[in-house]
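Take any residue in the sequence shown, note its place counting from 1, add 147, and you have its number in the numbering used here.
Idealized CB from N, CA, C, for every residue including glycine.
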Amino acid sequence: MEETIKAVDAKYDAQKLAFGPIYFHCIVALRDLGILEYIYKNRNGVSIKAICSDLTLTDYGVRVLLEAAQIAEVVQYLDPDTVKLTKIGFYLLKDELTNANINFVKDVCYNGTKYLTESIKNGKPEGLKVFGKWDTVYEGLSQLPEEVKKSWFEFDHFYSDDAFPFALDILFETKPKYIFDIGGNTGKWSLACCQYDPEVKIKILDLPGQLNVARKNIENHNFSHRIDFHQINLLDTFQKIPQGADVIWMSQFLDCFSNEETVQILRNVYQAANENTTIFIMEPFLDNQNYPAAEYCLAATSLYFTAIANGNSKMFNLQVMLELIKEAGLYVEEEYPLIGHSFHTILKCKKQ
Ligand SMILES: C[S@@+](CC[C@H](N)C(=O)[O-])C[C@H]1O[C@@H](n2cnc3c(N)ncnc32)[C@H](O)[C@@H]1O
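Structure, rendered in structure tokens:
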């Protein structure tokens with residue numbers, strides 16, 4: 148397709164990327180100093196003088212932020228001393244997706260992403276060293292600083308939570324008695340399953356740090372009699388997933404691994420399954436989205452995997468995942484695109 152963008156616009160867009168990190172922090176400052184909220188509450192426009200006096204900020208501080216915000220189309224000047232919020236400003240302040248992304252970028256990604264070039268060269272998450280000495284972020288997740296952990300979990304949960312109600316209906320159509328939740332993390336999904344069905348039992352499989360957190364959560368919700376735990380590192384091919392599940396559930400899990408590792412894990416799933424076991428894979432596929440904003444978020448999330456999380460995974464294209472599933476000896480019985488409600492597609496699989 149031929150490019151239609153004019154040179155002058157292309158040059159402007161290039162500057163948006165060049166100064167992107169500075170504008171990002173300008174937005175964070177405007178939000179965290181309460182300036183966006185203050186302007187939002189005074190919908191018809193508010194004077195800079197009022198912002199300064201009510202929020203105890205200097206005229207210089209407020210003006211330097213707002214001048215950049217105007218250029219980024221976050222605020223609009225009604226006259227040289229009066230501003231109002233734009234639609235973009237509204238989303239930055241109030242939209243849950245946008246705030247989960249901002250906090251994730253600020254707390255989890257920002258410092259480490261400067262090691263992206265080295266990460267690509269070395270095939271390792273070189274940015275992870277800003278937090279600790281681990282091979283992958285998952286080994287250190289439970290030990291991250293509180294603020295970083297909070298932003299990581301809010302980001303992770305934001306993306307999966309929207310899919311939960313639809314995913315529960317789809318999973319329970321198969322009437323499972325025993326579900327294995329691989330990469331079950333804090334146990335949120337397992338708890339949702341127990342609340343959905345009064346009989347079902349669950350096994351959460353994950354790394355030790357996450358299992359400890361999940362165990363506490365499950366105890367606090369009084370579901371310890373229905374949920375058990377299995378410590379496993381699925382990068383170690385000697386560690387086998389136990390047999391006995393009616394359903395094996397993997398949500399936002401396989402995107403933590405390279406294509407080769409994914410096939411190995413799916414082969415491990417294969418040996419744990421019998422011909423009646425249903426295997427569900429729920430992923431936000433890069434090429435199966437309705438909105439440009441969704442693709443934009445997912446492609447950036449892939450770079451977080453590169454620089455911070457593991458150095459070798461990314462968001463899958465649906466076609467690639469279908470090939471990996473086949474390579475592991477499984478087949479897709481049904482595809483459920485939840486697009487429109489969430490970013491995800493669920494693949495219902497069986498043994499070939
Ligand atoms: C992105 S989270 C997904 C959490 C949850 N399933 C969801 O949908 O929100 C990935 C989970 O996989 C686990 N995980 C990552 N690498 C793993 C490994 N090598 N072995 C076992 N679990 C692993 C992480 O600890 C984490 O709980």
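Ligand 1 has a heavy atom closer than 6 Å to the beta-carbon of Q357. Pairing A447 with F490 gives a Cβ-Cβ distance that is not under 7 Å. Separation of R178 and Y224 (C-alpha to C-alpha, rounded to the nearest whole angstrom) is 18 Å.
Per DSSP, the continuous beta strand (DSSP E) segment holding E480 begins and ends at L477 to P484. Listed in chain order, the alpha helix (DSSP H) elements of length 4 or more contained wholly in the stretch 285-321 are 293-308 and 311-319. I218 sits exposed, since fewer than 16 C-beta atoms from the chains shown fall within 10 Å of its C-beta. For L338, the shortest separation between its Cβ and any heavy atom of ligand 1 does not lie below 6 Å. Straight-line spacing of the CA atoms in A310 and T492 works out to 9 Å. Just measuring C-alpha positions, the residue of F166, G270 and L494 sitting nearest E470 is L494. Annotation for N364 indicates a beta carbon at 6 Å or more from all heavy atoms of ligand 1.
With a cutoff of 7 Å on beta-carbon distance, I365 and S371 are scored as near each other. Here K497 carries a strand assignment [DSSP, helix/strand/coil]. Not one heavy atom of ligand 1 is found less than 6 Å from the C-beta of Q418. Just so you know, the alpha carbons of I195 and V222 end up roughly 12 Å apart.
When DSSP states are grouped into helix, strand and coil, M148 belongs to the coil group. Counting along the chain, no beta strand (DSSP E) covers K241; the unbroken alpha helix (DSSP H) around it starts and ends at K234 to K241.
Relative to ligand 1, the nearest heavy atom lies less than 6 Å away from the CB of G330.
Note on the stretch 343-395: whole alpha helix (DSSP H) runs with a minimum of 4 residues are 355-367, in chain order.
For Y451, the CB stays at least 6 Å from every heavy atom of ligand 1. Collapsing the DSSP output to three states places L225 in a strand. For M429, the secondary structure class from DSSP, reduced to helix, strand or coil, is strand. Burial is judged here by how many other beta carbons sit within 10 angstroms of a residue's own beta carbon; Q342 has fewer than 16 and is exposed. Exclusion of the five residues before and after K324 leaves E346, V347, K348 and D393 as the residues of its chain whose Cβ lies within less than 8 Å of its Cβ. Taken through DSSP and simplified to helix, strand or coil, M397 comes out as strand. For Y325, the uninterrupted beta strand (DSSP E) segment begins and ends at Y325 to I329.
Of the other Cβ atoms in all chains shown, 16 or more fall within 10 Å of the Cβ of S460; this residue is therefore buried. The alpha-carbon of Q290 is positioned some 29 Å away from that of F432. Bridge partners of T492 according to DSSP: E430 and P484. In the displayed model, K231 falls within a strand according to three-state DSSP. In the three-state reduction of the DSSP assignment, S194 falls in the strand class, which pools E and B. Distance from the CA of L204 to the CA of M429, rounded to the nearest whole angstrom, comes to 47 Å. The DSSP-derived three-state label of W336 is helix. Distances taken from the Cβ of F313 to the heavy atoms of ligand 1 include none shorter than 6 Å. Excluding five sequence positions before and after C496, the CB atoms of its chain that fall closer than 7 Å to its own CB belong to I426, I428, I472, L477, Y478, V479 and E480, given in chain order.
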